[in-house]
Structure formats: C-alpha cells, structure tokens
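What follows is a short report on a single structure.
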Amino acid sequence: MDHHTPSIACELEGVLLITRNLFPYFILVAFEAGGPVRPLLLLMLSPLLWLLDLMGFEELSLKIMIFVSMAGVNARDLKAVAKATLPRFYLQDINESSYRVFSGFEGKKYVVSSLPKIMIEPFLREFLDVDCVIGTELTSFKQWCLGFVASPGFVNAHHQKLKFLQEAIGVGVEIDLGLVGALRDHPLMLLCKELHVMQPDEKKKALERREYPKPLIFHDGRLIVHPTPLDLLVTVIWLPLGVILAIARILLGVLLPYKLGLMGSAATGLRIRAQLTKAQWAGGTLYVCSHRTLLDPVIISTVLQRKITAVTYSVSRFSELISPIPTVRLTRDRAKDGDTMRALLDSGDLVVCPEGTTCREPYLLRFSPLFAEITDEVTPVAIDVEGTMFYGTTVRGYKWLDSLFFLMNPSPGYQLVFLDKLSCQGRSSVDVANQVQRSIGLALGFECTNLTRRDKYRMLAGNDGVDTRV
Numbered sequence: 001m002d003h004h005t006p007s008i009a010c011e012l013e014g015v016l017l018i019t020r021n022l023f024p025y026f027i028l029v030a031f032e033a034g035g036p037v038r039p040l041l042l043l044m045l046s047p048l049l050w051l052l053d054l055m056g057f058e059e060l061s062l063k064i065m066i067f068v069s070m071a072g073v074n075a076r077d078l079k080a081v082a083k084a085t086l087p088r089f090y091l092q093d094i095n096e097s098s099y100r101v102f103s104g105f106e107g108k109k110y111v112v113s114s115l116p117k118i119m120i121e122p123f124l125r126e127f128l129d130v131d132c133v134i135g136t137e138l139t140s141f142k143q144w145c146l147g148f149v150a151s152p153g154f155v156n157a158h159h160q161k162l163k164f165l166q167e168a169i170g171v172g173v174e175i176d177l178g179l180v181g182a183l184r185d186h187p188l189m190l191l192c193k194e195l196h197v198m199q200p201d202e203k204k205k206a207l208e209r210r211e212y213p214k215p216l217i218f219h220d221g222r223l224i225v226h227p228t229p230l231d232l233l234v235t236v237i238w239l240p241l242g243v244i245l246a247i248a249r250i251l252l253g254v255l256l257p258y259k260l261g262l263m264g265s266a267a268t269g270l271r272i273r274a275q276l277t278k279a280q281w282a283g284g285t286l287y288v289c290s291h292r293t294l295l296d297p298v299i300i301s302t303v304l305q306r307k308i309t310a311v312t313y314s315v316s317r318f319s320e321l322i323s324p325i326p327t328v329r330l331t332r333d334r335a336k337d338g339d340t341m342r343a344l345l346d347s348g349d350l351v352v353c354p355e356g357t358t359c360r361e362p363y364l365l366r367f368s369p370l371f372a373e374i375t376d377e378v379t380p381v382a383i384d385v386e387g388t389m390f391y392g393t394t395v396r397g398y399k400w401l402d403s404l405f406f407l408m409n410p411s412p413g414y415q416l417v418f419l420d421k422l423s424c425q426g427r428s429s430v431d432v433a434n435q436v437q438r439s440i441g442l443a444l445g446f447e448c449t450n451l452t453r454r455d456k457y458r459m460l461a462g463n464d465g466v467d468t469r470v
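The UniProt record's numbering puts the first residue of the sequence shown at 1, with every later residue one more than the last.
This is the structure:
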C-alpha cells in the first residue's frame, strides 16, 4: 500500500450527516426488515432512550436500538433495507458544507460511524465512493443477526479503539485530513495530519436534490417521512383510521357510479385534478400513461366517467378482485400481448403503462414501444401522485397492499394531464415511444431515462422482478 496516497476521514453522524439522532434510521430498519412490532417497541422505549442519551449513556442507548431492531432478523433483509430504503433518508440528511469538503478531496475516503456497518456501507460506497467504511460490527449466527455488538464495540472517542481504526485503515497509514464533530479525545486525532472540527453553531444545511452525488431514481420502503418519535406516534395513531378510510375509498370506487364516485372521493379527502378537452372524452382510444401507482388506470376511468380496460403484468389477484375496471394480464410474449391489446382496443378504450413498473421520483423509465404497433394514434396521459405518510408501491413488500397503503394517506392526490393525440403512422414504434415519453416528461417536469423495469428490480431486489411477493 502507498502510505503517501492522500486520504480523508470523516465522522458520519453529526458531521457528514446533519443529525446525531440515530433513532429514525433504526425505526426504518425495524419496520422494513423486522415488521410492525419492532418499531412500536422502539417507540415505547423512546423516552428511556432519550433519557440515556441525556445522561451520557449513548452506547447503551445504541445497543438497545440495535437489539430491538435487528435481533433475529435475516442479514439478507438488513442488507436489502440498507441498499433500497435507507439511501433516500441519508441523502436528505447530508450536511452540505461537510459534503463539499469530503467530496472535493481527490484521495482515499474513509468514514467512521457508530452505526452498524451493515446499515451504512451500501450507501457510502455507492453514493459517496467511500473506500473504507469503519462501523460497528454485529454478532451473527449463520445468516441471522443476533442483535449484539461484536468486539471491539463502538468506534467513538475512546483511545482503546485506536488499534481497531489502524487495522481497518492500514497500519502506518496517515490521513491527511479528518472531519470530526467536536474537539474531544477522538482516535482520529492520532491518525490525521490535520483535523477540522465542526462547530456546534456551524450552519448546517441539507444538500439539495440537484446536488446529490448520484441521482436517486429508485428506492423502496413504505414510509415517506423521516420517522422521528413524534412522526411515528402520529402514524401509529392514524393507522387504524387510515385502514378504515382506505376501505371506504375502495368501496366507494367499486359501488358508486362514476359521477358519485368522484364526489365520494372528494368527500374522503382523495384529491383528483385533471386537464382534458371534450375531444378526449370520445371512446375507442388507447391511453398511454406514466406509471405512479396501481390506481392509475382506475383514476383515468373515473375522470373520463366510463369503464376502460387496463392491461397488467404482475398485479396481485387481490388487486384484480377489487378493481372497479376490467384488467387483463399480459404474458410478456410480444406477439401474444400485441394480439391481446389489439382485440381489447377493438372493443373499447384501453390504458397501458409502457414503463412496465412504477417510479416514485421525478423520472420516467424507458417506454416499451409495443403500444405503438397496435394502433394509428395514441393519447398520452401525464400522471403524478402525492402522498404524505405512505408510498403506494413496493419492490420487496406485498404488492396486494400497495393500493391500500396509498389510500391510507390522509389526503392523497392525483394530477392528470391529457395531452394531444399523437399519430403512429409512418414512424417506427421506438420513435413513437420515445416521443410519448418526452412529451409526458415535459408536461410533468420529469427527466427521461433509459432505465427499465429490470434495472429497477436488479438495483433494489437483486432479481428481474418476476418472482415477487404479490
């Protein structure tokens, strides 16, 4: 190893991240990897955890959070949450000033944290190009996390951790610059030529989305907000009412005529805003829309006040059962699917989502061109959604709960813009698909990408999205 290679080391919590409060991150791990009971237990323990932190027993508080959120959880699930769910929250918490110093350094990068290494390594390596992550190691048995901290314990301000840091970084290696949260007896002080201390009153501003080191296009998890104890308490209190409200919204959509259904949706807080012309009310149309939730075709049908058939791939049987509009499964066989869509369009209106999967962020995935091969003209529909508590999509979770989670939001919103019809004649299907994607992206202010459904599932779940829990 070249001992003269420039290098920088940085504390994670309170320096690279704005917050030193790690409770929300353990809540996310507990909920997404361990189920609903663990976050409830953490919520009940939050007064004790706060008291321990106040009294200076931060290590004991961390040990409790680690045990409650991870004991008995499969390491594969923990890694999946760290890769698919946590990066969004980390990015929203990055300290702009620290990040500029850290990212502007052209040498090797090290990050030191008391958080379990399994929780932070995927994010730090993928988004911040960190060379070495030094975090807390946990005990495990085969593939199961036991929830206990392994030797030498937490990497913090104690001198006895110096040897551990030296072994992780490399014996004899000197770090050119270290970023720490306070001028204290920190082991990094003995390894760094220069030390920069972040002052407590130093302005801490979160990094803006456009300045993210890499675009955040895909992520998973059900919770929208950063789950502080107060936010989690509000969510727990809302949950029973949210379930009742979601069921009521589903029943109104299934049982009421379209005009009354719109009024019923508005009465329950479901906001639907649409821009369209009278010409777009005509039948026999192929609607090509961006894909935000499973409810996209249902909302289009509600706005147009007539039944429209939707073609699907991996929608759950439960979702098909409660759907107020006809749904037809495609086979992923191009020839068969094309024939199916032509037959459906001959008998009425048809909705297709050519992205093949949902995307939460302001991006559009590549449009499959099959829709442009079955008709002479299409009507693009630009769709966006808004939720406050829960995401109505999932990769790792149960897809039959997707619509329920979206409708559990206190005041979910749908915005639709019906664009001018587009001719498919005399052009290749790929050109048409690209133009439709661009026109929808322009209407929404979204960025078009070449990423596909397969890319999404490979990034978030490590599979092609075929064998998923529905």
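We put the CB at the ideal spot given by N, CA and C, even for glycine.
Computed from a predicted model, the values in this text were never measured in an experiment.
Three-state secondary structure (DSSP) of residue i
i: residue 380; result: strand
i: residue 456; result: helix
i: residue 20; result: coil
i: residue 250; result: helix
i: residue 362; result: coil
i: residue 147; result: strand
i: residue 194; result: strand
i: residue 209; result: helix
i: residue 342; result: helix
i: residue 47; result: helix
i: residue 271; result: strand
i: residue 367; result: coil
i: residue 235; result: helix
i: residue 11; result: strand
i: residue 413; result: strand
i: residue 157; result: For residue 157, the predicted structure reports a pLDDT of 44, less than 50, and the residue's modelled location is therefore unreliable. A value from the coordinates is still provided. Note: residue 157 maps to coil in three-state DSSP.
i: residue 520; result: This structure does not reach residue 520, given that the chain is present from 1 up to 470, and the question cannot be answered.
i: residue 1; result: Confidence at residue 1 is low in this model, with a pLDDT of 43, below 50, so its placement is unreliable and the value that follows should be read with caution. In this structure, residue 1 counts as coil in the three-state DSSP scheme.
i: residue 96; result: helix
i: residue 30; result: helix
i: residue 106; result: coil
Residue environment, residue i, which counts as buried when at least 16 other CB atoms sit within 10 Å
i: residue 277; result: exposed
i: residue 425; result: exposed
i: residue 255; result: exposed
i: residue 273; result: exposed
i: residue 253; result: buried
i: residue 305; result: exposed
i: residue 36; result: exposed
i: residue 374; result: buried
i: residue 236; result: exposed
i: residue 160; result: Residue placement at residue 160 cannot be trusted, given a pLDDT of 47 that sits under 50; what the coordinates show is reported in the next sentence. Per the 10 Å Cβ criterion, exposed.
i: residue 360; result: buried
Chain C contact for residue i (CB, 8 Å cutoff)
i: residue 205; result: Here chain C cannot be found, since the structure has a single protein chain.
Check whether residue i and residue j have beta carbons under 8 Å apart
i: residue 473; j: residue 12; result: Outside the displayed span of the chain (1 to 470) sits residue 473, for which this structure offers no information.
i: residue 292; j: residue 383; result: yes
i: residue 133; j: residue 146; result: no
i: residue 402; j: residue 294; result: yes
i: residue 217; j: residue 460; result: no
i: residue 411; j: residue 377; result: no
i: residue 94; j: residue 246; result: no
i: residue 370; j: residue 337; result: yes
i: residue 10; j: residue 102; result: yes
Strand pairing of residue i, partner residues [DSSP]
i: residue 225; result: Paired residues: none, contrary to the question.
i: residue 450; result: Its beta-bridge partners do not exist; DSSP assigns none.
i: residue 471; result: Not covered by the structure: residue 471. The range shown for the chain is 1 to 470.
i: residue 424; result: Bridge partners of residue 424: none, in fact.
i: residue 91; result: In the DSSP output, where bridge partners are listed per residue, residue 91 has none listed.
i: residue 175; result: 192
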